[in-house]
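A.B. asks: Numbering (the working numbering), first residue to last: 190 to 296.
Using N, Cα and C, we set each Cβ at its ideal position, and we do this for glycine too.
#1: In whole angstroms, what separates the C-alpha of residue 274 from that of residue 221?
#2: Find the nearest neighbour of residue 250 within the set 265, 287, 233, judged by alpha-carbon distance.
#3: Counting pairs of beta carbons, one from the region 248 to 267 and one from the region 225 to 232, are three or more of them closer than 8 Å?
#4: Spatial neighbours of residue 216 within its chain, please: C-beta separation below 6 Å, excluding the five flanking residues on both sides.
#5: Using only alpha-carbon positions, find the residue among 213, 241, 209, 231 that is nearest to residue 196.
#6: With DSSP run on the structure shown, which of helix, strand or coil describes residue 234?
#7: Among residues of its own chain, excluding the 5 on either side of residue 267, which ones have a beta-carbon nearer than 6 Å to its beta-carbon?
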């Protein structure tokens with residue numbers, strides 16, 4: 190995951206530079222964090238993203254609620270989750286990717 194998010198950080202930096210060079214530049218990359226976790230787990234998410242240099246445009250800590258409603262409104266190009274059960278969603282036609290790391294994936 191770290192490699193993916195570090196590359197995301199580089200793309201965000203390129204967009205920062207493009208926006209500095211041309212004030213009319215419109216960003217094409219948006220990053221939203223949608224997690225079923227709540228406090229105090231939110232601190233780890235934010236700290237990890239900062240460490241990797243990623244700026245999230247939107248963050249949703251749902252405290253165990255289903256993610257379908259948020260995803261159906263955001264209409265992301267891609268959704269990543271570490272739990273396969275979260276990849277079965279009523280949010281519509283959202284490409285979903287299983288990340289086989291974390292506590293839920295320990296065999």
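C.D. replies: To lay it out plainly:
#1: 20 Å
#2: 233
#3: yes
#4: 204
#5: 241
#6: helix
#7: 284
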